[in-house]
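Student: Those sequence lines, one after another, are chains A and B. Using the working numbering, read the first sequence as starting at 497 and increasing by one per residue. Using the working numbering, read the second sequence as starting at 497 and increasing by one per residue. Quick one: this structure, given as structure tokens, is what I'll be asking you about.
2 protein chains.
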Amino acid sequence: MTVRPFRAQDVPGLAALLDAIEVFTAEERRVALEIIDLAAAQPDQRDYVIGVVEDGAGGLAGYACYGPTPLTDGTCDLYWMAVAPGCRRRKYGQDLIGWVEDGVRQSGGRLIVVETSSQEKYAGTRSFYARMGYEAAARIRDYYRAGDDLVIFRKSLIGEGA
Amino acid sequence: MTVRPFRAQDVPGLAALLDAIEVFTAEERRVALEIIDLAAAQPDQRDYVIGVVEDGAGGLAGYACYGPTPLTDGTCDLYWMAVAPGCRRRKYGQDLIGWVEDGVRQSGGRLIVVETSSQEKYAGTRSFYARMGYEAAARIRDYYRAGDDLVIFRKSLIGEGA
Chain A
497 MTVRPFRAQD
507 VPGLAALLDA
517 IEVFTAEERR
527 VALEIIDLAA
537 AQPDQRDYVI
547 GVVEDGAGGL
557 AGYACYGPTP
567 LTDGTCDLYW
577 MAVAPGCRRR
587 KYGQDLIGWV
597 EDGVRQSGGR
607 LIVVETSSQE
617 KYAGTRSFYA
627 RMGYEAAARI
637 RDYYRAGDDL
647 VIFRKSLIGE
657 GA
Chain B
497 MTVRPFRAQD
507 VPGLAALLDA
517 IEVFTAEERR
527 VALEIIDLAA
537 AQPDQRDYVI
547 GVVEDGAGGL
557 AGYACYGPTP
567 LTDGTCDLYW
577 MAVAPGCRRR
587 KYGQDLIGWV
597 EDGVRQSGGR
607 LIVVETSSQE
617 KYAGTRSFYA
627 RMGYEAAARI
637 RDYYRAGDDL
647 VIFRKSLIGE
657 GA
């Protein structure tokens, strides 16, 4: 397994990784980093669980951040996931998703939801989640901005009837 | 207009109001109060905008809490809304929704989303939003717990094509 839990020392590496992700806006990077900083400052918090993949050259190749969805019983949000452009096609995305799903299962979770965008630049992200067994379960028109819908994926980790 | 902006002195009245709302769980009351406490402690924050209706007897008859949805351009979440059991059928709900929509419009917003539950006890809530022009746009199965789905309502505040 290439994924290991986040440590406070990973903050600069994660900032560099976020800078390298083409699809993220400056605002998205800022919010992602805010959560990373919070996790570094409060090692005992349980709202955000972060895993990283090292790139073998002192940097980070990818990360995922998930946490329990407030007011639900057993649902987790996969808040952020990213793999550096030079490190794709190495199954790091699959490793990160597997790490997240194992962690959710171990904490008693049963459902994972992921919010993403309908934009063309997220087509690869959406097909990745579909390959990983996530169902595009809902769509909110014009959510992010006019013409940019919210797409919510879900995956049940327990057996589900039809 | 019966709705006025929240003040820090409203905290005890809002705590009493939340206690009186039958459908809320203890956890939901706790989270709702956490946001109210934060708004009282940080009068300059802009993440949560709260309006209240007085009951004419020193207490509060209802409240609504909304705010800009992070990472969106012009979308607001209506996070909480409640009217005390003894004060229903007095159009306070309609007044609160109108106050929220006016506030969203004045801050340049164009879309409001509301998350609620598929449970039978929320049937009145769902039909209220439908009457107010909100569309049940998405549903995530078993989101809150097995058998309790997330239902997301949306209302556009600008003209929308078909």
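Don't be surprised by glycine CBs; every beta carbon is placed ideally from N, CA and C.
In chain B, which residues lie less than 7 Å from Ala626 of chain A when you measure between Cβ atoms?
Tutor: Counting from 1 along the first sequence, the entry for residue 626 of chain A is found at position 130. The premise fails here: Ala626 of chain A is roughly 16 Å from chain B at the closest Cβ pair, so nothing lies under 7 Å.
Student: For Ser652 of chain B, collect the residues of the same chain with a Cβ closer than 7 Å to its Cβ; drop the 5 residues on either side in sequence, then sort them by chain order.
Tutor: The count along the second sequence starts at 1 and reaches residue 652 of chain B at position 156. Around Ser652 of chain B: Arg606, Leu607.
Student: With 9 Å set as the bound, which would you pick, yes or no: does the beta-carbon of Glu656 of chain A sit closer than that to a beta-carbon of chain B?
Tutor: One-based indexing of the first sequence puts residue 656 of chain A at position 160. Yes, its Cβ sits closer than 9 Å to a Cβ of chain B.
Student: So, do the region 559-572 of chain A and the region 590-610 of chain A have three or more beta carbon pairs nearer to each other than 8 Å?
Tutor: A contact exists between the region 559-572 of chain A and the region 590-610 of chain A.
Student: By a C-beta neighbour count over all protein chains shown, 10 Å radius and 16 as the cutoff for buried, is Pro564 of chain A buried or exposed?
Tutor: To locate residue 564 of chain A, count along the first sequence from 1; it is residue 68. Answer is buried; the Cβ neighbour count reaches 16.
Student: To the nearest angstrom, how far is it from the Cα of Arg500 of chain A to the Cα of Pro539 of chain A?
Tutor: One-based indexing of the first sequence puts residue 500 of chain A at position 4. One-based indexing of the first sequence puts residue 539 of chain A at position 43. Each residue's alpha carbon lies about 15 Å from the other.
Student: Pick out whichever of A:Ala557, A:Gln505, A:Trp595, A:Glu656 has its Cα sitting closest to the Cα of Ala516 of chain A.
Tutor: Here residue 516 of chain A corresponds to residue number 20 of the first sequence, with the count starting at 1. For Ala516 of chain A, the nearest C-alpha among the options comes from A:Ala557.
Student: Assign Val527 of chain B to one of three DSSP states: helix, strand, or coil.
Tutor: Taking the first residue of the second sequence as position 1, residue 527 of chain B is located at position 31. Reduced to three states, the DSSP call for Val527 of chain B is helix.
Student: Measuring alpha carbon to alpha carbon, tell me which residue in B:Glu616, B:Gly629, B:Lys617 is nearest Val478 of chain B.
Tutor: No statement about residue 478 of chain B is possible, as the shown extent of chain B runs from 497 to 658 and does not include it.
Student: Once the 5 residues before and after Lys617 of chain B are set aside, which same chain residues still bring their CB inside 6 Å of it?
Tutor: Within the second sequence, the letter at position 121 stands for residue 617 of chain B. Answer for Lys617 of chain B: Val519, listed in chain order.
Student: Quick one: does Leu607 of chain B have its CB under 9 Å from some CB of chain A?
Tutor: In the second sequence, counting from the first residue as 1, residue 607 of chain B sits at position 111. Chain A contact via Cβ: present.
Student: Smallest Cα separation from Gly552 of chain B: which of B:Tyr588, B:Phe649, B:Gln541?
Tutor: Taking the second sequence and counting its residues from 1, one reaches residue 552 of chain B at position 56. Of the candidates B:Tyr588, B:Phe649, B:Gln541, the one whose C-alpha sits nearest the C-alpha of Gly552 of chain B is B:Tyr588.
Student: Nearest to Gln590 of chain A by CA position, among A:Ser613, A:Gly582, A:Ala560, A:Arg525, is which residue?
Tutor: Here residue 590 of chain A corresponds to residue number 94 of the first sequence, with the count starting at 1. It is A:Ala560.
Student: Counting contacts by CB-CB distance shorter than 9 Å, is Arg637 of chain A in contact with chain B?
Tutor: As a working note, residue 637 of chain A is residue 141 in the first sequence. It does; some Cβ of chain B falls within 9 Å.
Student: So Gly582 of chain A and Ala512 of chain A are in contact, right, with Cβ under 8 Å, and what is the actual spacing, rounded?
Tutor: As a first step, residue 582 of chain A must be located in the first sequence, where it is residue number 86. As a first step, residue 512 of chain A must be located in the first sequence, where it is residue number 16. Actually they are not in contact, since the Cβ atoms of Gly582 of chain A and Ala512 of chain A sit about 12 Å apart, beyond 8 Å.
Student: With a threshold of 9 Å between beta carbons, is Ala642 of chain A in contact with chain B?
Tutor: Within the first sequence, residue 642 of chain A is the residue found at index 146, counting from 1. Taking Cβ atoms only, chain B reaches closer than 9 Å to Ala642 of chain A, which makes this a yes.
Student: With H, G and I counted as helix, E and B as strand and the rest as coil, what does DSSP make of Tyr562 of chain A?
Tutor: As a first step, residue 562 of chain A is located in the first sequence; it is residue number 66 there, counting from the start. Residue state, collapsed to three classes: strand.
Student: Who are Cys583 of chain B's beta bridge partners in DSSP?
Tutor: For the purposes of this step, residue 583 of chain B is identified with residue 87 of the second sequence, where counting begins at 1. Paired residues: none, contrary to the question.
Student: So, using beta-carbon positions, are Val596 of chain A and Gly655 of chain A closer together than 9 Å?
Tutor: Working through the first sequence from its first residue, we reach residue 596 of chain A at position 100. Working through the first sequence from its first residue, we reach residue 655 of chain A at position 159. Contact: no.
Student: Do Asp506 of chain B and Ala528 of chain B have their CB atoms nearer than 9 Å?
Tutor: Against the second sequence, residue 506 of chain B aligns to sequence position 10. Against the second sequence, residue 528 of chain B aligns to sequence position 32. No, the Cβ-Cβ distance between Asp506 of chain B and Ala528 of chain B is not below 9 Å.
Student: Mind listing which residues of the region 522-535 of chain A have their C-beta closer than 7 Å to chain B's C-betas, in chain order?
Tutor: The residues in question are Glu523, Glu524, Val527.
Student: Taking the C-alpha atoms as reference points, what is the distance between Gly620 of chain A and Arg585 of chain A?
Tutor: Reading the first sequence from its first residue, position 124 is the one you call residue 620 of chain A. Reading the first sequence from its first residue, position 89 is the one you call residue 585 of chain A. Cα-Cα distance, rounded: 12 Å.
Student: Please list the partners that Ile648 of chain B has in chain A, where partner means a Cβ-to-Cβ separation under 8 Å.
Tutor: What you label residue 648 of chain B is simply residue 152 of the second sequence in a count that begins at 1. Per Cβ cutoff of 8 Å: Ala634, Ile636.
Student: Who are the neighbours of Asp659 of chain A on chain B, taking C-beta pairs under 7 Å?
Tutor: Residue 659 of chain A lies beyond the residue range present for chain A, which begins at 497 and ends at 658; the question has no answer from this structure.
Student: Measuring only the C-alpha atoms, how far is Tyr625 of chain A from Leu592 of chain A?
Tutor: To locate residue 625 of chain A, count along the first sequence from 1; it is residue 129. To locate residue 592 of chain A, count along the first sequence from 1; it is residue 96. If I take the Cα positions, the gap works out to 12 Å.
Student: With 16 other CB atoms within 10 Å as the buried threshold, where does Leu534 of chain A fall?
Tutor: Residue numbering aside, residue 534 of chain A sits at position 38 when the first sequence is read from its first letter. Answer is exposed; the Cβ neighbour count stays below 16.
Student: From which residue to which residue does the alpha helix (DSSP H) around Thr626 of chain B run?
Tutor: Within the second sequence, residue 626 of chain B is the residue found at index 130, counting from 1. The question names Thr, but residue 626 of chain B in the sequence shown is Ala. Taken as a continuous stretch (DSSP letters only), the alpha helix (DSSP H) holding Ala626 of chain B covers 619-627.
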